[in-house]
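In our numbering, the protein residues as written are 573 to 668. Written below as structure tokens is the structure these notes are about.
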């Protein structure tokens with residue numbers, strides 16, 4: 573997605589000169605390319621899973637890590653929320 577957005581930006585398209593119809597055609601082309609890229613990526617992932625022996629969810633068991641919040645995690649989370657709250661409250665007054 574980022575590469576498609578960059579490709580549109582680097583071409584420096586003048587959207588006002590294109591008009592609504594041509595602009596919609598450009599974005600339709602970009603959207604088509606994005607969907608095509610997503611399908612290619614899904615196909616590559618499926619091929620990689622088959623090569624590595626993935627057959628079906630019933631036959632393939634993977635142990636997942638059970639995340640648990642520890643004391644340090646809570647401290648960091650509360651600190652981040654406090655920092656963001658302070659930034660929202662006093663953020664604009666620091667520059668003026």
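The C-beta atom is built at its ideal place from N, Cα and C for all residues, glycine as well.
Anticipated Cβ contact below 8 Å, residue i with residue j, distance rounded
i	j	result
residue 598	residue 590	7 Å
residue 587	residue 595	5 Å
Residue i versus residue j - alpha carbon distance
i	j	result
residue 651	residue 601	45 Å
residue 614	residue 575	18 Å
residue 662	residue 624	53 Å
residue 618	residue 657	43 Å
residue 648	residue 639	16 Å
Residue range of the alpha helix (DSSP H) that includes residue i
i	result
residue 593	587-623
residue 636	It is not in any alpha helix (DSSP H) - residue 636 carries neither H nor E in the DSSP assignment.
residue 659	643-662
Close beta carbons around residue i, own chain, < 8 Å, minus the five adjacent residues each side
i	result
residue 668	Note that residue 668 has pLDDT 45, beneath the 50 cutoff, so the model's placement of it is unreliable and no number is given.
Chain D within 8 Å of residue i, Cβ atoms only
i	result
residue 598	The displayed structure is made up of one protein chain only, and chain D is not part of it.
### Query
Between the segment 600-608 and the segment 575-589, do at least 3 Cβ pairs fall closer than 8 Å?
yes
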